[in-house]
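> This is the structure, below, for whatever I ask next.
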Amino acid sequence: MDIIRLMQLIVSSSLTFAAPLILTAIGGTFSERGGVVNIGLEGIMVMGAFMSAIFNIQFVGTFGTMTPWVGMLAGGVIGLLFSIIHAVATVNLRADHIVSGTVINLAAPALAVFLTRALFGAAQTGPLPRAFGRTNIFLLHRIPVIGPIFFRNTSGPAFFGILVAIISWFILFKTRFGLRLRSVGENPHAAETLGIKVYTMKYAGVLISGFLGGMGGAIQSQAIHNEFGILTVAGQGFIAMAAMIFGKWNPLGAMGAAIFFGFAQSLARVGNSIPVIQDIPGVWLQILPYLLTILVLVGVIGRAEAPAAIGKTYIKSK
Amino acid sequence: MSETNKVIEMKGITKKFGNFKANDNIHLDLKKGEIHALLGENGAGKSTLMNILSGLLEPTEGEIWVNGEKVSISSPDVANQLGIGMVHQHFMLVDKFTVTENIILGKEKHKFGFMDQATSQKDVKELSDQYGLRVDPKARISDISVGMQQRAEILKTLYRGADILIFDEPTGVLTPQEIEELMEIMNALVKEGKSIILITHKLDEIKKVADRCTVIRRGKSIDTVDVATTSQQELADMMVGRSVSFKVDKKPADPKEPVLEIKNLTVKEARGYDAVKAIDLDVKAGEILGIAGVDGNGQSELIQAITGLTKVDSGSIKLDGKDITNKKPRKITETGLGHIPEDRQRYGLVLQMKLEENMSLQTYYQKPFSNHGFLNHKEIKEHAKQLIEEFDVRTSSEENTASSLSGGNQQKAIIAREIYRNPALLIAAQPTRGLDVGAIEYIHKRLIEQRDHGKGVLLMSYELDEVMNVSDRIAVMYDGNIIAIVNADETNEKELGLLMAGVPLEKAHEQVTETEGKERETVANEK
Ligand SMILES: Nc1ncnc2c1ncn2[C@@H]1O[C@H](COP(=O)(O)OP(=O)(O)OP(=O)(O)O)[C@@H](O)[C@H]1O
Ligand SMILES: [Mg+2]
């Protein structure tokens, strides 16, 4: 295999695995910037993956080639709806963020698998009729050398994720909304004295995370597994949270970290075509992403600066 | 109708927390262009009253009139629109944001939702020039001095067009120079037509800048007086409800053998510099040793090393004859140390826990508070009640969380706990910060009582008056060294001031006698 083909293979499979992580990690960033820890992203991804699979099977006739993209939106919507539970629990009812997130993580897979069984009579949906597949990126794939490596025959959702990362960065750091959201995650008391609606901002952060996490799950089922089952998401939500921390609660950082984790995951798939690591037993490559997650977090977590008021319930004085 | 020159009238304000009345039928009016002081003991309800005026709390009863119109201030937004701005007792700033971002937050200049940073920074700069409030618009809050943080807070209210400004204990955290500057700023603001409510425990500040003063006690208004015709003594008596003595009454000390012996002690601070440089120091039983010095000359690190909160780099510390160098804090406490920490919220209390639990933080595992590993809540409660009673900690119940106490009463709770254990050595770091004059008098009395019972007391304070009046000997720290130890009754403010600036003792002594001589001469010549 020539070097360009090899590079192309590594890049495109890294991006494919990174796509769900990018969106979900950015989702987590919005939630935590507003001060709400959302470990429920794992469960939210499950719901998004489930919903989009159903949607894909049901509406392939209506939407044709656009089906996975519309399915992704459907996954986002269900993720958003599910995240309302987390918002109500943590913001209004002052529940512990971790407890509420854990409840979502326990409830979502149970519900999704139950419904899958009810609908399909099996624990999996079976193959989806129209997956994301591979795409060439508009015009860019024509650039010599770079084009074939980065933009040809690659993951459409990943480039969508990169676009979302850039937009999110602008939203968080350049807009009024972003400033207000961050102020609420840092010092809600100060924000309130300046007339900022603390609860509204927290809701916004959590709901955006639900929407992005749901879309992330939808990409997981429609681009990687091409079906929905209990193993579709299996820990991706947690890896996305690791990417968020590794990326220092910055959408662009989270995106970079997600691509790194995507690369680690892709090795298990494409490792046997890469000369140096061909001989490493497959099990090791499968463990690698989780191992890296742990190592990265151990190395980074002491230094990373989380929003100051993260995980704390805010009680309006009156 | 009300007189037109009154910008604020609060009539019959009552605020209940549960059954407890923090404000009880309070009246307050503010005239246009005046500085109006609000004076009251710790927990009297000053912050509560001002939080009502700034829309953070809703009154249970009462009316508020602004510029002759009855209003209902249901949120900080409404307060802003009415031109009311507050500089809070604990700053309301986002540490990671820049000065500009903090100031414009909630009232941002934007195009289609995108912020216009350049214009905002220019606006802040202009505003800061206009009022002489020096700030660096681009600096992060966490990187600037407390004084500048406060100026940013003031700018925040001015940016919103406030013309009624509330300052809640603004001077508690400032250095003497910064206090001086703040007073000038307040005078300038009043000249611009603003009106100011000032909360402070320092009577000399009230005398210096305020026009009128309203005194409240235990949630009730006592009186509003003209500052010019009222003495500090009268103000203090009115506030406490009895006669307060500013003079510290004490017999000469009767020092015995040392309880604390520090030899050649070096302590590094977080970044690895030597903060305390090979010092020797003794505190004897039956004396109060004061430590004077400008903030940041190693005092905090010295105390942290003695209490076991920081590692000792080299040298030794002996407490009551036993070596405690680098021992665990619990071990040191058991050896006979009491500690009133500088940062009360961080090292003194567990804010989320009940007051009664906080009262036995060092003793909970001993009898009678604990039996075979089980807590005896009845004893813990009894103990807490006794301390609250004896030290006059103002709270409606010992079951309230420590965080619900007013700032000054949190401090009193710690002092009660530490003094009550009757330790061989009591370390008191800034023990009266944020306390009212009545409470200060009481705390000083208790420190001296400890001394008279033959215990050692190490008093660290940035307030020269306090160090001079309470201590028997004074050690002056400068740049990690103890540059002089003087007897409290043989020194004066001038000499200490020079020592604190790093002037060696002989020179300082010379300079003081010289200037005194000169002054005498000039006086003689004038005659
Ligand atoms: N949220 C609350 N719940 C219960 N009690 C409260 C609450 N806030 C304040 N209090 C009580 O109300 C009283 C008045 O408190 P406030 O903070 O107004 O005192 P202060 O006059 O500002 O005192 P200081 O000079 O110490 O700051 C205190 O006894 C305090 O314990
Ligand atoms: Mg107060």
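So the sequences go chain by chain: A and B.
Numbering of the first sequence is given in this note's numbering, commencing with residue 177 and proceeding in unit increments.
Numbering of the second sequence is given in this note's numbering, commencing with residue 13 and proceeding in unit increments.
Backbone N, C-alpha and C fix where the C-beta goes; we use that ideal spot for every residue, glycine too.
Computed from a predicted model, the values in this text were never measured in an experiment.
(1) Considering only their Cβ atoms, is the gap separating I116/B from S140/B smaller than 8 Å?
(2) Could you tell me whether any non-hydrogen atom of ligand 2 is closer than 7 Å to the CB of K27/B?
(3) Could you give the C-beta distance for L197/A and A367/A, rounded to a whole number, given that I count them as a contact under 8 Å?
(4) If I measure Cβ to Cβ from Q107/B and keep anything under 8 Å in the same chain, skipping five residues before and after, which residues do I get?
(5) Can you tell me which of E346/B, T242/B and S415/B puts its alpha carbon nearest to the alpha carbon of Y376/B?
(6) Let me make sure I understand the geometry here. Which of A56/B, K43/B, I38/B and L194/B has the alpha-carbon closest to that of P71/B?
(7) Looking only at its own chain, which residues have a Cβ that is under 7 Å from the Cβ of N540/B, when we skip the five neighbours before and after it?
(8) Run through the DSSP bridge pairs and tell me what N383/B is partnered with.
(9) Between the stretch 104 to 120 of chain B and chain A, which residues of the former have CB atoms less than 9 Å from a CB of the latter, in chain order?
(10) Which value, in whole angstroms, describes the spacing of the CA atoms of P435/B and I455/B?
(11) What does the Cβ neighbour count give for R352/A, buried or exposed, with the cut at 16 atoms within 10 Å?
(12) Using a C-beta cutoff of 8 Å, does F206/A count as contacting chain B?
(13) List the residues of chain A whose Cβ lies closer than 7 Å to the Cβ of Q125/B, in chain order.
(14) Under 7 Å Cβ to Cβ from G305/B, same chain only, skipping five residues before and after it: list those, please.
(15) Of the residues that make up the stretch 358 to 370 of chain A, which ones have a beta carbon closer than 9 Å to any beta carbon in chain B?
(16) Chain A beta carbons: is any one of them nearer than 8 Å to that of S87/B?
(17) Can you find a C-beta in chain A that's less than 8 Å from the C-beta of L68/B?
(18) A484/A touches chain B at which residues, Cβ-Cβ below 9 Å?
(19) Starting from I372/A, find everything on chain B with Cβ-Cβ shorter than 8 Å and list it in chain order.
(20) On a Cα-Cα basis, can you pick out the residue from L42/B, R254/B and S59/B that is closest to C225/B?
(21) How would you label F386/B, buried or exposed, when you count the other beta carbons within 10 angstroms and need 16 or more for buried?
(22) Can you tell me which residues form a DSSP beta bridge with S233/B?
(23) What are the start and end residues of the alpha helix (DSSP H) that includes F296/A?
(24) State buried or exposed for M242/A, treating a residue as buried only when at least 16 other CB atoms are found within 10 Å of its CB.
(25) Consult DSSP for V19/B and reduce its assignment to one of helix, strand or coil.
(26) Taking 8 Å as the threshold (C-beta atoms), are G216/A and G117/A in contact?
(27) Does any residue of chain A have a CB that is nearer than 8 Å to the CB of N92/B?
(28) If you reduce the DSSP assignment to three classes, tell me which class Y474/B lands in.
(29) From R172/B, K323/B, G350/B and S326/B, pick the residue whose C-alpha is nearest to that of D332/B; which is it?
(30) V99/B bridges to which residues according to DSSP?
(31) At a cut-off of 7 Å, would you count G419/B as near ligand 2, judging by its Cβ distance to the nearest heavy atom?
(32) Buried or exposed for M13/B, going by 16 or more other Cβ atoms inside 10 Å?
(33) Quick check on the burial criterion: 16 or more other C-beta atoms within 10 angstroms. Buried or exposed for W425/A?
(34) If we require 3 or more residues per run, which beta strand (DSSP E) segments fall completely within the stretch 310 to 359 of chain A?
(35) Based on DSSP bridge pairs, tell me the residues matched to S513/B.
(36) Counting C-beta neighbours from all protein chains within 10 Å, is the total for A250/A 16 or more, i.e. buried, or is it exposed?
Working from what's here:
(1) I116/B is positioned such that its CB atom lies no closer than 8 Å to that of S140/B.
(2) Flag unset: Cβ of K27/B not near ligand 2.
(3) Rounded, the Cβ-Cβ distance is 30 Å, inconsistent with contact.
(4) The question names Gln, yet the displayed sequence has Asp at residue 107/B. The beta carbon of D107/B sits closer than 8 Å to the beta carbons of R152, I153 and S154 from its chain, once the five residues preceding and following it are set aside; these are given in chain order.
(5) Of E346/B, T242/B and S415/B, the residue nearest in Cα terms is E346/B.
(6) Of the candidates A56/B, K43/B, I38/B and L194/B, the residue whose Cα lies closest to the Cα of P71/B is I38/B.
(7) Outside the shown range of chain B (13 to 539) lies residue 540/B, about which nothing can therefore be said.
(8) Looking at the DSSP assignment, N383/B forms a beta bridge with F386/B.
(9) Taking a C-beta cut-off of 9 Å against chain A, the contacting residues of the stretch 104 to 120 of chain B are M104, L105, V106, D107, K108, F109, E113, N114, I116, L117, G118, K119 and E120, listed in chain order.
(10) Rounded to whole angstroms, the gap between the alpha carbons of P435/B and I455/B is 16 Å.
(11) Its Cβ being crowded by 16 or more others within 10 Å, R352/A is buried.
(12) Not flagged as an interface residue toward chain B: F206/A, since no C-beta distance is shorter than 8 Å.
(13) The sequence given here places Gly at residue 125/B; Gln does not occur at that position. When 7 Å is used as the limit between beta carbons, G125/B is near these residues of chain A: T351, R352 and F353, in chain order.
(14) Excluding five sequence positions before and after G305/B, the CB atoms of its chain that fall closer than 7 Å to its own CB belong to Q311, V488, M489, Y490 and M512, given in chain order.
(15) The stretch 358 to 370 of chain A vs chain B, Cβ under 9 Å: R358, S359, E362, N363, H365, A366, A367, E368, T369 and L370.
(16) Interface residue, yes.
(17) Interface residue, yes.
(18) V106, D107 and K108, listed in chain order.
(19) Here the neighbours are L117 and G118.
(20) Nearest C-alpha to C225/B: L42/B.
(21) Looking at its Cβ environment, which holds fewer than 16 other Cβ atoms inside 10 Å, F386/B is exposed.
(22) Note: S233/B sits in a beta bridge opposite I228/B.
(23) DSSP places F296/A in the uninterrupted alpha helix (DSSP H) bounded by H273 to F296.
(24) Per the 10 Å Cβ criterion, exposed.
(25) Looking at V19/B - three-state DSSP - the assignment turns out to be strand.
(26) Here chain A covers residues 177 to 494 and nothing more, so residue 117/A does not appear.
(27) Yes, contact with chain A.
(28) Y474/B: coil per DSSP, three-state reduction.
(29) Of R172/B, K323/B, G350/B and S326/B, the residue nearest in Cα terms is G350/B.
(30) Per DSSP, F179/B.
(31) Within the cutoff, so yes.
(32) Residue placement at M13/B is poorly supported in this model, since its pLDDT is 42, which falls under 50; the coordinates still yield a value, given next. Under this definition M13/B is an exposed residue.
(33) So W425/A ends up on the buried side.
(34) Along the stretch 310 to 359 of chain A, the beta strand (DSSP E) does not occur as any fully enclosed run of 3 or more residues.
(35) Inspection of the sequence shows that residue 513/B is occupied by Ala rather than by Ser. Bridge partners of A513/B: none, in fact.
(36) Buried.
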